[in-house]
Amino acid sequence: QQPVQSPQAVILREGEDAVINCSSSKALYSVHWYRQKHGEAPVFLMILLKGGEQKGHEKISASFNEKKQQSSLYLTASQLSYSGTYFCGTENTYKLSFGAGTTVTVRA
Amino acid sequence: DTAVSQTPKYLVTQMGNDKSIKCEQNLGHDTMYWYKQDSKKFLKIMFSYNNKELIINETVPNRFSPKSPDKAHLNLHINSLELGDSAVYFCASSLGRQETQYFGPGTRLLVL
């Protein structure tokens, strides 16, 4: 069963922050975050393997609340290069199910 | 060097035809996948192979048949193509079943 992502889309000005949420109705073993630019393949951002884990890469970070079966991706001080569709993938019994995606548009 | 490659990049064909998409990875990974991404960008897993053995087979029509001749290759054959098969098909690979997945560039299939 696929996770639910919110919001569906967000428009930001350079330097603004955004949060993308991902929730599942099933127990999660790990959460994966990917970004896909138009016409390209999804690219790995980070993976969170256990509850309470937080990770970050430059100004993009994520948290994983195992009990709530949720993960959030934080875009801080957004840059033009952050534009794209962000997917969370929730892993349960070795299968990765992706959410419908959140389209992020960062404008100058 | 390309990590995960797919051929062809574009495929335009008529309804009823049979076509194949090839995927190769040079990362030494054990697990390979096929995903379908439809026009709404929804990314859905179709198959997963681990060391040439099928481990995930989602609800996919029998017209789709994956084949893994070795760990580095996972091909997808589609029989009797239908209009609804039009989508982008991504191959991916990972070191193990719970590891980061690396995606190929995708094959854009258009069935007319």
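Top to bottom, those sequences are chains B and A.
First residue of the first sequence: 80, per my numbering; consecutive thereafter.
First residue of the second sequence: 198, per my numbering; consecutive thereafter.
Beta carbons: idealized from backbone N, C-alpha and C, even for Gly.
Note that the structure is a prediction, hence the values are computed from the model and not measured.
For the beta strand (DSSP E) containing residue i, list its first residue and its last residue.
| i | result |
| --- | --- |
| Thr199 (chain A) | Taken as a continuous stretch (DSSP letters only), Thr199 (chain A) belongs to no beta strand (DSSP E), as it is neither H nor E. |
| Ala269 (chain A) | Ala269 (chain A) -> no beta strand (DSSP E), and no H or E assigned at all. |
| Leu127 (chain B) | Val122 to Leu127 |
| Gln211 (chain A) | Looking at the DSSP string, Gln211 (chain A) is not in any beta strand (DSSP E), and its letter there is neither H nor E. |
| Val257 (chain A) | No beta strand (DSSP E) holds Val257 (chain A); DSSP gives it neither H nor E. |
| Ser142 (chain B) | Ile139 to Asn144 |
| Lys237 (chain A) | Neither: Lys237 (chain A) is in no beta strand (DSSP E) and is coded neither H nor E. |
| Gln158 (chain B) | Per DSSP, Gln158 (chain B) belongs to no beta strand (DSSP E) and is neither H nor E. |
| Leu309 (chain A) | Leu309 (chain A) -> no beta strand (DSSP E), and no H or E assigned at all. |
| Gln295 (chain A) | Here Gln295 (chain A) belongs to no beta strand (DSSP E), and DSSP marks it neither H nor E. |
| Tyr113 (chain B) | Ser109 to Gln115 |
| Asn223 (chain A) | Here Asn223 (chain A) belongs to no beta strand (DSSP E), and DSSP marks it neither H nor E. |
| Ala97 (chain B) | Ala97 to Ser102 |
| Leu280 (chain A) | Element bounds for Leu280 (chain A): n/a, residue is neither H nor E. |
| Gln148 (chain B) | From DSSP, Gln148 (chain B) is part of no beta strand (DSSP E); its letter is neither H nor E. |
| Ala88 (chain B) | Ala88 to Arg92 |
| Lys174 (chain B) | Lys174 to Phe177 |
| Gln84 (chain B) | Val83 to Ser85 |
With a threshold of 16 other CB atoms inside 10 Å of the CB of residue i, please say whether the residue is buried or exposed.
| i | result |
| --- | --- |
| His117 (chain B) | exposed |
| Leu323 (chain A) | Nothing can be reported for residue 323 (chain A), as the shown portion of chain A is limited to 198 through 309. |
| Leu240 (chain A) | buried |
| Pro82 (chain B) | buried |
| Asp282 (chain A) | buried |
| Thr304 (chain A) | buried |
| Ala88 (chain B) | exposed |
| Gln148 (chain B) | buried |
| His226 (chain A) | buried |
| Gln203 (chain A) | buried |
| Ala106 (chain B) | exposed |
| Leu154 (chain B) | buried |
Please confirm whether residue i and residue j have their CB atoms less than 8 Å apart.
| i | j | result |
| --- | --- | --- |
| Leu271 (chain A) | Tyr246 (chain A) | yes |
| Met229 (chain A) | Gln222 (chain A) | yes |
| Leu159 (chain B) | Ile139 (chain B) | no |
| Gly178 (chain B) | Thr164 (chain B) | no |
| Ala97 (chain B) | Ser157 (chain B) | yes |
| Ser176 (chain B) | Gln84 (chain B) | no |
| Phe287 (chain A) | Ala120 (chain B) | yes |
| Pro302 (chain A) | Lys206 (chain A) | yes |
| Ser290 (chain A) | Val201 (chain A) | yes |
Quick one: residues in its chain with C-beta nearer than 8 Å to the C-beta of residue i, no 5 flanking neighbours on either side, listed in chain order?
| i | result |
| --- | --- |
| Thr210 (chain A) | Lys216, Leu278, Leu306, Leu307, Val308 and Leu309 |
| His136 (chain B) | Leu124 and Met125 |
Interface residues of chain C around residue i at Cβ under 7 Å?
| i | result |
| --- | --- |
| Ile126 (chain B) | Reference to chain C is not applicable here, since the protein chains of this structure are B and A. |
Apart from the five residues on each side of it in sequence, which residues of its chain come closer than 6 Å, Cβ to Cβ, to residue i?
| i | result |
| --- | --- |
| Val257 (chain A) | Met243 |
| Ile90 (chain B) | Thr184 |
| His111 (chain B) | Ile126 and Gly168 |
| Arg114 (chain B) | Val122, Leu124, Gly163 and Tyr165 |
| Asn100 (chain B) | Ser85 and Ser151 |
| Leu128 (chain B) | Ser109 |
Given residue i, which residues of its chain have a CB within under 7 Å of its CB, disregarding the five upstream and five downstream residues?
| i | result |
| --- | --- |
| Tyr108 (chain B) | Glu170 and Asn171 |
| Ala86 (chain B) | First, the residue type needs correcting, since residue 86 (chain B) is Pro and not Ala in the sequence shown. Closer than 7 Å at the Cβ level, and outside the excluded window around Pro86 (chain B), lie Thr181. |
| Ser262 (chain A) | His274 |
| Ser102 (chain B) | Pro82, Val83, Gln148 and Gln149 |
| Asn254 (chain A) | Phe244 |
| Arg260 (chain A) | Ile275, Asn276 and Ser277 |
| Ala284 (chain A) | Lys233, Gln234, Asp235 and Leu306 |
| Glu95 (chain B) | Ser157 |
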